[in-house]
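One point on numbering: in the numbering used here, the residue at position 85 of the sequence shown is 85, and numbering is uninterrupted.
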Amino acid sequence: MADWSQLPHDIVESIAVRLDAVEDFLAFSAVCRSWRSFYLIKQWIPGSQLPWLMLSDDEKASKKCFFSLYRDKVYETELPEASGRRCWGSSDGWLVTIGSDMEIHLVNAFSRVRVLLPSATTFQILFNASANWYELIDKAIVIRKPSQSNDSVNEVEFLVMAIYGPFKQLAFAKPGYSSWINVEETFQHRFLDVACVNDQIFAFSASGNLLLVDVGSRVIEIMPSIPPKQRWARERVHLEGDLLMVYQNLYVEHMINHPSVEPVQFQVFKFDFSDKEWIELKDLGDRALFVGDNITISICTADAKFVKCKGNSIYFIGSKVENWWRFDEYLVDRDCGVYNVAEGTVEPFYFGADYPSYYSCPLWLTPILV
């Protein structure tokens, strides 16, 4: 049997540079350890990738299942670092995890690198949250940028923003911090979401205010504009430097064609920074949005390798954890589907059988290996 680890380095590299999808990397790296380490040494970051969907699973399982739209296939991979822990996805390949030990980590779902963050016990809460640790954090948003030194993990600096507690407070931390730091005036707002646009951090409050957050001075500047008020759940994403607000009907409980279905409704608004106002978008063009429990990801479907992804559409996965408590092979009672923005219709989005989970539902994650 051939020893592929002995293949000359230049030949291995000539193969590697032709791969532009994480799915191909998984096959490549499975050949032998030296082939996998080639990517890690080179700090390989693929071009634009379709988000993967990490499925809900048995809390005790050491493996995670990921659904790939690109291959229309479920991949199973060892990820004990996320076993028995609640997770939040990101557009940078990293998960934020918390367990019953109240420890919080950053975990790369593909390289399995793990980075310690401050304990959840350092949040400014007035009660013992360990009993319901999986409900403590509402959202955890990963913001990453190139490091100014070579000491950070993979030469990348991380800032994690967390919305937590019954009052939806906002705090931030970096690896190496001893505790989570509350943003000033956080008790005056119930935060719903956070987004980073052009190196600026924006937050959305339950009252409909758009806030500019300066984590350096910990002061919140309130933008003069508020989004259109409706009794809808709010999600967010930035698109090509623009800040988008995606509204989803709060009352959707069942999939289309279910006897008790209510129509799924979305509206998308773009923030005009010049006029400080929200402009409704009736057409997303060749863009597709992936809306989930924690983040919203934007993809340009004009790329030839995204042929299976529908443009002018919103792929949505419900954030109601109770919808994922029981096994449902055909997703009849799941809040998920593909929303056609032009027609206002929904198609089923089938990604295979999942496992019931009391504290975790499927999440979007863009596969990046470093």
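For glycine and all other residues, C-beta sits at the position ideal for the given N, C-alpha and C.
Remember, predicted model here, so these are calculated numbers, not experimental data.
Using the three-state DSSP reduction, which class does residue i fall into: helix, strand or coil?
i      : result
Ser68  : strand
Phe316 : strand
Val341 : coil
Gln248 : strand
Ser5   : helix
Glu253 : Since pLDDT at Glu253 reaches only 44, below the 50 mark, its modelled position is unreliable, and the value read off the structure follows with that caveat. Of the three classes helix, strand and coil, the one that applies to Glu253 here is coil, per DSSP.
Trp180 : coil
Phe25  : helix
Ala288 : strand
Glu59  : coil
Tyr134 : helix
Ala82  : helix
Phe158 : strand
Phe306 : helix
Give the range of the alpha helix (DSSP H) segment to which residue i is assigned.
i      : result
Val264 : Counting along the chain, Val264 falls outside any alpha helix (DSSP H), and DSSP gives it neither H nor E.
Ile15  : 9-16
With distance defined between alpha-carbon atoms, name the residue in the options nearest to residue i.
i      : options                        : result
Ala61  : Val246, Asp72, Glu81, Ser178   : Glu81
Pro348 : Tyr315, Val341, Leu365, Ile368 : Tyr315
His189 : Tyr177, Lys174, Leu212, Tyr134 : Leu212
Ser205 : Val219, Asp214, Lys168         : Lys168
Ile143 : Asp92, Leu55, Leu116           : Asp92
Asn312 : Arg287, Asn294, Ser298         : Arg287
Val12  : Glu23, Phe28, Asp24            : Phe28
Leu293 : Ser56, Val17, Arg218           : According to the sequence as given, residue 293 is Asp; it is not Leu. The option with the nearest alpha carbon to Asp293 is Ser56.
Leu117 : Phe191, Phe351, Gly344, Leu95  : Leu95
Ile368 : His105, Leu7, Ile222, Arg112   : Arg112
Glu78  : Leu210, Ile15, Phe66           : Phe66
Tyr177 : Pro51, Ser119, Val307          : Ser119
Gly216 : Ala203, Asn209, Val183         : Val183
Val107 : Lys64, Asp24, Phe127           : Lys64
Val264 : Val338, Ala203, Val219         : Val338
Phe351 : Gly89, Ser207, Cys336          : Cys336
Gly208 : Val219, Glu221, Leu192         : Leu192
Phe158 : Gly285, Arg114, Pro166         : Arg114
Gly344 : Val268, Pro8, Ser5             : Val268
Leu365 : Leu170, Leu69, Leu7, Glu185    : Leu69
Ile299 : Phe127, Leu126, Pro51, Phe266  : Pro51
Phe22  : Val346, Phe110, Asp3           : The amino acid at residue 22 is misidentified as Phe; the sequence shows Val. Nearest option by C-alpha distance: Phe110.
Leu126 : Lys139, Tyr134, Pro166         : Pro166
Tyr134 : Arg18, Lys310, Glu59           : Glu59
Gln49  : Ser14, Ser90, Gln248, Gly84    : Ser90
How far does the beta strand (DSSP E) with residue i in it extend, from its first residue to its last?
i      : result
Asp193 : 191-197
Thr122 : Neither: Thr122 is in no beta strand (DSSP E) and is coded neither H nor E.
Gln169 : 169-173
Phe204 : 200-205
Tyr75  : 73-78
Ser298 : 296-300
Arg86  : 86-88
Leu396 : For the chain, the structure presents residues 1 to 370; residue 396 sits outside this window and is missing.
Ile368 : First-last for Ile368: undefined, no H or E at that position.
Leu95  : 94-98
Arg114 : 114-117
Leu19  : Looking at the DSSP string, Leu19 is not in any beta strand (DSSP E), and its letter there is neither H nor E.
Asp214 : 210-214
Glu280 : 277-281
Glu103 : Element bounds for Glu103: n/a, residue is neither H nor E.
Val31  : Val31 -> no beta strand (DSSP E), and no H or E assigned at all.
Glu221 : 219-222
Could you name the residues of the same chain whose beta carbon sits closer than 6 Å to that of residue i, not counting the 5 residues immediately before and after it, in chain order?
i      : result
Met161 : Ile141, Phe172, Val194
Ala129 : Leu136
Phe123 : Tyr164, Trp180
Leu331 : Residue placement at Leu331 is poorly supported in this model, since its pLDDT is 45, which falls under 50; the coordinates are not used for a value here.
Leu243 : Val197, Phe271
Ile201 : Val213
Ile104 : Ile98, Leu117, Ala120
Cys87  : Leu95, Thr97
Asp3   : none
Glu185 : Ile220
Between residue i and the ligand SAM, is there a pair consisting of the residue's CB and a ligand heavy atom that are separated by less than 7 Å?
i    : result
Pro8 : Among the components modelled here there is no ligand, and therefore nothing to report on the ligand SAM.
Near residue i, which residues of its chain fall below 7 Å by C-beta distance, leaving aside the five closest residues on each side in sequence?
i      : result
Thr121 : Met102
Glu322 : Here the model assigns Glu322 a pLDDT of 45, short of 50, so the residue's position is not dependable and the matter cannot be decided.
Short of 8 Å in beta carbon distance, which residues of its chain neighbour residue i, apart from the five on each side in sequence? Order them along the chain.
i      : result
Lys276 : Met223, Pro224, Ser225
When the Cβ atoms of the segment 67-77 are set against those of the segment 279-288, are three or more pairs found closer than 8 Å? The segment 67-77 is not in contact with the segment 279-288.
Does the segment 292-305 come into contact with the segment 265-277, if we say contact requires no fewer than three beta-carbon pairs (one atom in each stretch) closer than 8 Å? These segments do not touch.
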